[in-house]
Amino acid sequence: MKPKIPAQAGTFESSDVIVLIEPLPDKAGRKIEISSSVMQQFGESFTKIVIDLLDQFEMTDIHLIAKDKGALEPTIKARLETAIKRSLDLQEGTLKQ
Amino acid sequence: MTFEDTDFRQETLDLANPFDVKLVKGFLRELGFEFEPGEVECTMIVYNLKGELVGTGSHQGRILKYVAVSPKFRDTTAFALIVTYMTEKLLKIYKHTFVFTRPENSIRFCGLGFNEIATSPPLFALLEFGFESISTYQDYLKTLIRPTQTGVIAAIVVNCNPFTNGHKFLIEKAASENELVYLFVVEEDLSAFPFDVRWELIRKGISHLENVVMVRGGMYIVSGSIFPSYFLKNETISDVMQKQAELDVQIFADYVVPVLGIKGRYVGTEKYCATTAAYNQAMKRILPSVGVEIVEVMRKVATTGTSKLPIFISASNIRRAIKNDSLDEMMEFLPDSTREFLYSDESLAIRQKIKSSVGRH
Chain E
695 MKPKIPAQAG TFESSDVIVL IEPLPDKAGR KIEISSSVMQ QFGESFTKIV
745 IDLLDQFEMT DIHLIAKDKG ALEPTIKARL ETAIKRSLDL QEGTLKQ
Chain B
904 MTFEDTDFRQ ETLDLANPFD VKLVKGFLRE LGFEFEPGEV ECTMIVYNLK
954 GELVGTGSHQ GRILKYVAVS PKFRDTTAFA LIVTYMTEKL LKIYKHTFVF
1004 TRPENSIRFC GLGFNEIATS PPLFALLEFG FESISTYQDY LKTLIRPTQT
1054 GVIAAIVVNC NPFTNGHKFL IEKAASENEL VYLFVVEEDL SAFPFDVRWE
1104 LIRKGISHLE NVVMVRGGMY IVSGSIFPSY FLKNETISDV MQKQAELDVQ
1154 IFADYVVPVL GIKGRYVGTE KYCATTAAYN QAMKRILPSV GVEIVEVMRK
1204 VATTGTSKLP IFISASNIRR AIKNDSLDEM MEFLPDSTRE FLYSDESLAI
1254 RQKIKSSVGR H
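Below you can see the structure in the form of structure tokens.
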């Protein structure tokens, strides 16, 4: 699947991660930018979680930015899943128009 | 043991309501900000259930403004909450957001994941966050790179509002003295002539010059976000304007010069406009340190009009002539592309807009 709209989930707070997703043109593949305050210790597993979840949802043509502030694995997964579903227009964001 | 009360609620204010404005104005005044409701599009506040105001944030376009948290709540998540709220709203509309803040506060935004692009101490630091960044612009620049034999490469930045013989003269001079010229056209649509029109008039006007590459100015070259004073009517050079100009030139020096290998920058001498004078001053201060020579070219003079006195060619003179219906006197100032455009029906809407406006642009 490919994202329909730009979406965001999570916050800038400590122990959380903020995930931004935007659609890319067809056949553009994935562009992933990951940064974390604990990159050195957990960067590898963080990257794996992101890629596994994108695989699980079969996401392609996607630009994903994730800025982590030491979130736990369930948090990361929840934020990613929410951002993906929002970008697919399956779930509403917290801001109402 | 005490418990931290972090049950924060957030709400968007109604800026048309004087009570709402008074609330945030009073809050910000205590923190040393003078809140101007006319300068923002939307303001939100964060409060707790005791009715205490925790913090506030606003934005205008893609720029975050007046982000402040009461000292009592600075060790809470309030700041992150406000910035999250704002970016969530803005990134639905724009590709990225900017923050201007004092250099000493820059570290707070960096901590959230913003990237600092440039600072102009002691007044401004500029940070950005979003899907695109200055490296996206650099990638665009890389697609335009043309190989050279000698490496004698110059840059010119023009708004061309509209394109005159003065601009043409400057570009031709640079093209004859350099192997390659990158011509940056200010992209912001805050001028009387829209970007597409300005771009087309220049493109037609310089089509005989093989070694000039036209470049879109994007968000970073004299943009309304970074250098808002440029698009305002200002008669005198203020500190704010000078610092904004420095910020703009700093970005050019740090991010554009190294990518394109620019060795010189051509500018016209400024006689009329304080803002452009401030900009030229900033260039002279910053650019030599990154190996860019400033070539100031005397403005082209034309004798025209009834008085037969020499007049320096300037785009503002053209706009004034349009306003006063005396465009015929300006023939000598105009290259073919601009002349044809101004005498065609295509430019009717623009001419009418200039006639009814009072600002500098």
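Heads up: the sequence lines are chains E and B, in that order. The first sequence lines up with residues 695 to 791 when you count with our numbering. The second sequence lines up with residues 904 to 1264 when you count with our numbering. Glycine is no exception: its CB is placed at the ideal position from the N, C-alpha and C atoms.
| Item | Value |
| --- | --- |
| Taking only the alpha-carbon atoms, compute the straight-line gap between ALA1218 (chain B) and SER1247 (chain B) and give it to the nearest angstrom. | 18 Å |
| Where does LEU1251 (chain B) land, buried or exposed, given buried means 16+ other C-beta within 10 angstroms? | exposed |
| Which term fits GLU752 (chain E), buried or exposed, when burial requires 16 or more other beta carbons within 10 angstroms of its beta carbon? | exposed |
| Taking a contact to mean a Cβ-Cβ separation below 8 Å, would you say GLN1145 (chain B) touches ALA1181 (chain B) in this structure? | yes |
| Is it true that the CB of PHE1032 (chain B) sits closer than 8 Å to the CB of GLY1014 (chain B)? | no |
| Give me the Cβ distance between ALA1057 (chain B) and TYR950 (chain B), rounded to the nearest whole Å; I'm assuming they're in contact under 8 Å. | Their Cβ separation, rounded to whole angstroms, is 55 Å, which puts ALA1057 (chain B) and TYR950 (chain B) out of contact at 8 Å. |
| Suppose the cutoff is 8 Å on Cβ atoms and the five residues either side in sequence are ignored; what does the same chain contact list for LEU926 (chain B) look like? | LEU916, ILE948, LEU956 |
| Restricting to Cα atoms, I'd like to know which of E:GLY787, E:ILE743, E:LYS779, E:LEU758 is closest to ILE715 (chain E). | E:LEU758 |
| With DSSP as the reference, label SER973 (chain B) as helix, strand or coil. | coil |
| Among E:ILE756, E:PHE736, E:PRO768, which residue has its Cα nearest to the Cα of PHE1034 (chain B)? | E:ILE756 |
| Whose Cβ in chain B lies nearer than 8 Å to the Cβ of SER729 (chain E)? | GLY1016 |
| Taking a cut of 8 Å between CB atoms, which residues from the region 929-962 of chain B lie near chain E? | none |
| Going along the chain, which residues of its own chain have a beta-carbon closer than 6 Å to the beta-carbon of MET1201 (chain B), five neighbours each way excluded? | THR1172 |
| Could you give the first and the last residue of the continuous alpha helix (DSSP H) run that contains TYR1182 (chain B)? | 1177-1189 |
| If the cut is a Cβ gap below 9 Å, which residues of chain E does VAL986 (chain B) touch? | THR705, PHE706 |
| Closer than 7 Å to a non-hydrogen atom of the ligand PLP - does that hold for the CB of ALA1181 (chain B)? | The ligand PLP is not among the ligands present in this structure, which contains no ligands whatsoever. |
| Distance check for GLU944 (chain B) and GLY929 (chain B), CA to CA, integer angstroms please. | 19 Å |
| Report buried or exposed for LEU675 (chain E), applying the criterion of at least 16 other Cβ atoms within 10 angstroms of its Cβ. | Since the first residue of chain E shown is 695 and the last is 791, residue 675 (chain E) is not available in this structure. |
| Classify GLU763 (chain E) as buried or exposed, calling it buried when 16 or more other Cβ atoms lie within 10 Å of its own Cβ. | In the sequence on display, residue 763 (chain E) carries Lys and not Glu. Burial call: buried. |
| Any C-beta of chain E sitting closer than 8 Å to the C-beta of ALA1177 (chain B)? | no |
| Out of B:PHE1096, B:ASN920, B:LEU1230, B:VAL1160, which has the shortest C-alpha to C-alpha gap to LYS849 (chain B)? | Here chain B comprises residues numbered 904 to 1264, so residue 849 (chain B) is not present and cannot be evaluated. |
| Are there 16 or more other CB atoms within 10 angstroms of the CB of ASP1231 (chain B), so buried, or fewer, so exposed? | exposed |
| Below 7 Å CB to CB, which residues in the same chain sit around ALA1077 (chain B) once its five sequence neighbours on both sides are set aside? | ALA1057, ILE1059, VAL1084, TYR1169 |
| Quick check: the Cα distance between GLU1235 (chain B) and ARG1254 (chain B), rounded to an integer number of angstroms? | 19 Å |
| Pull out every residue of the region 995-1010 of chain B whose Cβ sits closer than 7 Å to any Cβ of chain E, in chain order. | LYS995 |
| Which residues in the same chain as GLY737 (chain E) place their Cβ atom closer than 7 Å to its Cβ, once the five residues preceding and following it in sequence are excluded? | SER730 |
| State yes or no: is the C-beta of ILE728 (chain E) within less than 8 Å of the C-beta of GLU767 (chain E)? | no |
| In chain B, what lies closer than 7 Å to LEU714 (chain E) by C-beta? | LEU994, PHE1034 |
| Under the three-state reduction of DSSP, which class applies to HIS962 (chain B): helix, strand or coil? | strand |
| Spell out a yes or no on whether the region 959-969 of chain B and the region 979-993 of chain B are touching, meaning 3 or more CB-CB pairs, one atom from each, closer than 8 Å. | yes |
| By the DSSP assignment, the beta strand (DSSP E) with ASP762 (chain E) in it spans what residues? | 756-762 |
| Between the C-alpha atoms of GLU942 (chain B) and ILE726 (chain E), what's the straight-line distance to the nearest angstrom? | 35 Å |
| Could you tell me the alpha carbon to alpha carbon distance between GLU914 (chain B) and TYR988 (chain B), rounded to whole angstroms? | 10 Å |
| Quick check on PHE1155 (chain B): buried or exposed, where buried means 16 or more other Cβ atoms within 10 Å of its Cβ? | buried |
| Residues in its own chain within less than 6 Å of ILE770 (chain E) by CB, not counting five upstream and five downstream? | VAL711, ILE743 |
| Under 8 Å, Cβ to Cβ, is there at least one residue of chain B near ILE759 (chain E)? | yes |
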